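>
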Amino acid sequence: HSQVAANSATFGGGLAVAAGTIVDSTFTDNSADFGGGVYTYNSPLVNLVDSRIESNTAATRGGGIYVGGSVSLVGVTIAHNNSGEGGGLFKSGGGSDTFTTATLTNSTVSNNNATTGGGISNFGNLILKSVTVTANTATDGGGIANRSWLPPDDNGSIIVANSIIAGNTATGADPDVRS
């Protein structure tokens, strides 16, 4: 159980991690260029369980969490984060992240803000199981921006089961999902 607050860095304002399990922790009011709250990199698997990622800021990508590699989020709330892309969560793709996956289960992504992908911006593989994505805002893709609309090497894939993606706002295009 940890509370990580009011830190700053270039990567992972609250935490930069390559592997491990984090349980019952809170990441708030942190800032970074990438991964305001949490930054995962080259990870075979990072697990976040029963945790909160709130009120963090990233100048570039991943206001709440930047996912490089594979990550499993179970019972996690990602809320009130801000970034240029992926206000709540940014999932990278291509290169070493081509075959990695971000899996969210029984989690909530809400009230995040970004230019693209207010809740989530996905360049990689994303699985949502019993997840609510709501009340996020962006210019494009208020809830989720799946980057399949970019060149072929940047295609993202999303699998959604028993989830709600609704009530998001986009001032430009696609309030809930841009794909």
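Counted the way our numbering counts, the sequence shown spans residues 11 to 189. The beta-carbon is built from N, C-alpha and C at its ideal position, and this holds for glycine as well. Quick caveat, the model's predicted, so the values are computed rather than measured.
1) Looking at Leu138: is its Cβ nearer than 7 Å to the Cβ of Val187?
2) Confirm, please, whether the CB-CB distance from Thr126 to Asn92 is below 7 Å.
3) Name the DSSP beta bridge partners of Thr87, please?
4) Measure the alpha-carbon distance for Gly1 versus Tyr76 and round it to whole angstroms.
5) Hey, which unbroken runs of the alpha helix (DSSP H) at 4 residues or more fall wholly within the stretch 14-56?
6) Return the first residue and the last residue of the beta strand (DSSP E) that Asn132 is part of.
7) Excluding the five sequence neighbours on either side, which residues of its own chain have a C-beta within less than 6 Å of the C-beta of Ala155, listed in chain order?
8) Along the chain, where does the beta strand (DSSP E) containing Asp150 start, and where does it finish?
Short version:
1) Val187 sits away from Leu138, with the two beta carbons spaced by 7 Å or more.
2) no
3) BP columns for Thr87 point to Arg62, Thr118.
4) This structure gives no information on residue 1, because the portion of the chain shown stretches from 11 to 189.
5) none
6) 130-132
7) Thr126, Gly127, Ser131, Arg188
8) 147-150
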